[in-house]
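Visitor: Structure provided below as structure tokens; questions to follow.
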Amino acid sequence: MKHSLRILSAVLSLLALGVAQGGEPQPPSWQQSLETPIHSHMRPEGDGKGGNTRYITLNITDELASLDGDKERYVYAINGRAFNGGEAIFLEEDEEVEIEVNNLSDTLNTSTTLHAHGIEQIGSVYNDGVPGVSQNVIKPGDTFIYRWRAQSQYGLYWLHSHFSGVYQDGQAVPLYIRPKIDRTNPFSVIAEDADGEEALKRHDQNPAIVMLTDYTQLNTWEQLDKAEEWQSELLCANSILINGRGRVNCATSENLLEWTDSNTTTAKGCIDRSLRPGNENITFDEELWYTCTPTDSPLHTFEFDYESGWGIAHFVSASSHWNYAVSIDEHELNFFAADGTYVKPVQADAFTIGIGERIGVAFKLHTPGEYVMRISAYNEPQVIGNFAVIRYGLGDDDDSVEYSDPSSEGDDGMPSLPLSEAYINYAGQPTSPSVRVLNDSVTALKQYAPSPIPLRGETPDVTLRYTLSNSNFLKWSLSEWGEEEYYASSNEYQEPPVLYDMESYMDDMSVSSYSNGSIVDVIITNGAEYGDRQPAHPIHKHFEHFHVLAAGQGNFTYRDIVEAEDNGVDVNWLDPPYRDTVMIPESTTEEASYLVFRFESVQPTASLLHCHIIMHNVAGMAYVLIATDEGGSPDLPEYYSVKALNDELDNVNSALS
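Start counting the sequence shown at 193; every next residue gets the next number (my numbering).
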């Protein structure tokens, strides 16, 4: 009822606005808004800070395509290519950007939005791109214009739809913000001399970008339908894409048995779910779960400047389900960035990356040649991987590199690869005990130039406590009271969005509120009770980045972080990681796990805290955080206010017709 009153109020407000403004430029009338796209009338204003503004247009279309050489299916293309072909959008630090999103989906007829993952949106909270929270959906045939500034932010981020789970179908693109040339960086710690330091600084202006995604034969809507039938998510990908392209690889049954120590693994490397108790009468589609047919799509090749002596690559996981293990054969990796922030350099041979996380690495170039980049699902219910080639110091026609012959090794389902020495195998496992794997980037990668920790060593103003759990494979919960489930399918259409009437939403389920300016600790426990085994969950907080103060195994029973430290919990007050996405450790049947982070609320807004596994987010594992100034919503620019009101008027008109 209260949402209907909001719509009626919006109608009256817009009509009143048209009368009150007299000779001033008026927003379009109700009838005009229904006849003409709003972007032909007005555009969002800039923030008035001057400097360059970059204009970008993203056209979202439906395309029938095969991204891994297997059968075609519908994907969403960005400017003609799913995932924009993996091509990143580049900005400059402190540059303002205007992104016009035209939703041209006509076959799948799908709504959308665009979220800038990791962008703090200082002064532009209405651009966060969460339907039902910061905006209405962009319906097919409609346009929405985002305008924000990369304010003191640099490094790798990504743009993706936040509507349902459709980013896994192609609506994602890397976003790289070039750091200011005088920004403090850790390259002098990594490089051996001044020339190396300068090379690293130069390469970090135009690095190799590696976007990783898992890919299935079903689109989001087909997966949701099948999940009901199977009583399970589709825990069986077809391939792993690197910058929007991939191939189907098929390991031998002997290798699968060796890597999994189980004879219940399908040819696709998946757990045979038909053998689980209670699934006897469920039919799991053969081609989706069992049959593996290799394809011969070409491997992606990354070229590096051999004369400079160094290479830099930034990785982002735009996956829907799987976390990954990554390595580059015969190259030690120097980790220097995480979630768009420089970190104290750490060395390892391989690393793991969770959904939504970004990690930057530098590596020394040595013998000219080609080397294998390996990507594998890590600690997941499927053995699956893919490969790319690192190349440097060779001429275009140089064919001196030796490649493997899988057919001679009885492994026809795998590609021919350069004969370089691997650190991890196809299952993501180290090839020897001496291989160093960085699999705890949440606590290991600490800020290089630490930002001040608010109320260091003290109790925060507000402590929020949440538990991650699930009642079945289709109901996932991030809850304060043990029962809330924030379903995207219904909340994405709530009108007006939370940001536009925050006060009326503050008592809703799955909503926490606090005063703007508060120092907030968030305590997340993974596993509600004894026996509730939970996977690791990649948790993303919109807007402000946060300091990770503590993480570990066990039940976090303390009142706050200070009491926990008094009782022996290891708390990092010195140089905690500064992130926007973190992996909450997996729990076991014997004990839960936990993670604690702290942030300072810097502007009134409505934001989202959620798991980035698509099916978990869609099925309830999310929470709305409201930061208020005296209970009211922030002032919203005319374009966004009128856009939201016009959308509501459009819906009222449809209801009355």
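We put the CB at the ideal spot given by N, CA and C, even for glycine.
Would you kindly work out how many angstroms separate the C-alpha atoms of Asp320 and Leu800, rounded to a whole number?
Guide: Approximately 10 Å between the Cα atoms of the pair.
Visitor: Could you tell me the distance, in whole angstroms, from the CA atom of Asp488 to the CA atom of Glu650?
Guide: Whole-angstrom Cα-Cα distance: 58 Å.
Visitor: Is the CB-CB distance between Asn441 and Pro486 below 8 Å?
Guide: Yes.
Visitor: What's the call for Leu480, buried or exposed, on a 16-neighbour Cβ count within 10 Å?
Guide: Buried, since its Cβ has 16 or more Cβ neighbours within 10 Å.
Visitor: When the distance is taken between beta carbons, is Leu259 closer than 8 Å to Ala274?
Guide: A contact, by the Cβ cut-off of 8 Å.
Visitor: Count the other CB atoms within 10 Å of the CB of Ile474; is the residue buried (16 or more) or exposed (fewer)?
Guide: The residue in question, Ile474, is exposed, as its Cβ has fewer than 16 Cβ neighbours within 10 Å.
Visitor: Could you tell me the alpha carbon to alpha carbon distance between His804 and Lys733, rounded to whole angstroms?
Guide: In a straight line, the C-alpha of His804 is about 10 Å away from that of Lys733.
Visitor: Skipping 5 residues on each side, what residues in its chain have a beta carbon closer than 7 Å to that of Ile716?
Guide: Tyr658, Leu660, Ile731, Ile776, Tyr786 and Leu787.
Visitor: Please state whether the Cβ-Cβ distance between Lys667 and Ala569 is less than 8 Å.
Guide: Cβ distance not < 8 Å, so Lys667 and Ala569 don't count as in contact.
Visitor: Just the Cα atoms here: how many angstroms apart are Lys241 and Gln343?
Guide: Each residue's alpha carbon lies about 11 Å from the other.
Visitor: Do Trp502 and Lys556 have their C-beta atoms within less than 8 Å of each other?
Guide: Their beta carbons are under 8 Å apart, which means Trp502 touches Lys556 by this criterion.
Visitor: Give me the residue from Gly243, Glu312, Met234 and Val317 with the minimum Cα distance to Glu292.
Guide: Minimum Cα distance to Glu292 is reached at Met234.
Visitor: Among Val816, Ser380, Gly546 and Ser608, which one has its Cα closest to the Cα of Leu656?
Guide: For Leu656, the nearest C-alpha among the options comes from Val816.
Visitor: Exposed or buried, Pro652, counting other C-beta atoms within 10 Å across all chains shown (16 or more means buried)?
Guide: Buried: at least 16 other Cβ atoms inside 10 Å.
Visitor: Report back the beta-carbon spacing between Gly577 and Arg566 to the nearest angstrom; my notes put them in contact at under 8 Å.
Guide: Sure, about 7 Å apart at Cβ, within 8 Å.
Visitor: Just the Cα atoms here: how many angstroms apart are Arg628 and Ala554?
Guide: Computed Cα separation, rounded: 16 Å.
Visitor: Could you give the DSSP three-state label for Gln360: helix, strand or coil?
Guide: It is helical.
Visitor: Please determine, among Thr635, Ala680, Val703 and Pro622, the residue with the shortest C-alpha to C-alpha distance to Trp451.
Guide: Checked all of Thr635, Ala680, Val703 and Pro622; the closest Cα to Trp451 is Pro622.
Visitor: Per DSSP, Cys803 forms a beta bridge with which residues?
Guide: Looking at the DSSP assignment, Cys803 forms a beta bridge with Ile731.
Visitor: Check Phe748 in the structure and name its three-state DSSP category.
Guide: Phe748: coil per DSSP, three-state reduction.
Visitor: If you drop the 5 nearest sequence neighbours on each side, which residues of the same chain put their C-beta closer than 7 Å to that of Ser833?
Guide: Hits under 7 Å: none found.
Visitor: Determine whether the beta carbon atoms of Pro610 and Ile463 lie at a separation below 8 Å.
Guide: No.
Visitor: Alpha carbon to alpha carbon, what distance is there between Arg468 and Asn455?
Guide: Answer to the nearest angstrom: the Cα atoms are 14 Å apart.
Visitor: Are the region 347–354 and the region 698–718 touching, with three or more C-beta to C-beta distances below 8 Å?
Guide: Taking 8 Å as the limit for Cβ pairs, the verdict is that the region 698–718 does not touch the region 347–354.
Visitor: If you draw a straight line from the alpha carbon of Phe748 to that of Asp632, how long is it in whole angstroms?
Guide: Straight-line Cα distance between these residues: approximately 19 Å.
Visitor: Please report the distance separating the alpha-carbon of Gln795 from that of Gly238.
Guide: Straight-line Cα distance between these residues: approximately 18 Å.
Visitor: Could you check how far apart the C-beta atoms of Phe494 and Ala580 are, in whole angstroms? I think they sit under 8 Å.
Guide: Between Ala580 and Phe494 the Cβ distance is about 6 Å, and since that is below 8 Å, they are a contact.
Visitor: Exposed or buried, Ile582, counting other C-beta atoms within 10 Å across all chains shown (16 or more means buried)?
Guide: Under this definition Ile582 is a buried residue.
Visitor: Assign Thr452 to one of three DSSP states: helix, strand, or coil.
Guide: Helix, per DSSP.
Visitor: Does DSSP put Asn759 in a helix, in a strand, or in coil?
Guide: Of the three classes helix, strand and coil, the one that applies to Asn759 here is coil, per DSSP.
Visitor: Between the region 509–528 and the region 367–387, do three or more beta carbon pairs fall short of 8 Å?
Guide: In short, these stretches touch, since the Cβ pair count reaches three.
Visitor: Put Val834 into one of helix, strand or coil per three-state DSSP.
Guide: Here Val834 sits in helix by DSSP.
Visitor: Leaving out five residues on either side along the sequence, give the residues of the same chain with a beta carbon under 7 Å from the beta carbon of Ser232.
Guide: The pLDDT assigned to Ser232 is 43, lower than 50, so where the model puts this residue is not dependable, and the model offers no usable value.
Visitor: Per DSSP, Val581 is paired with what?
Guide: DSSP output for Val581 lists Thr493 and Val564 as bridge partner(s).
Visitor: Which two residues bound the contiguous beta strand (DSSP E) that contains Ser705?
Guide: Per DSSP, Ser705 belongs to the beta strand (DSSP E) from Val703 to Ser707.
Visitor: If contacts are defined as beta-carbon pairs under 8 Å, then Asn294 and Lys331 qualify, I think. What distance do you get, rounded to the angstrom?
Guide: Not really, about 12 Å apart at Cβ, beyond 8 Å.
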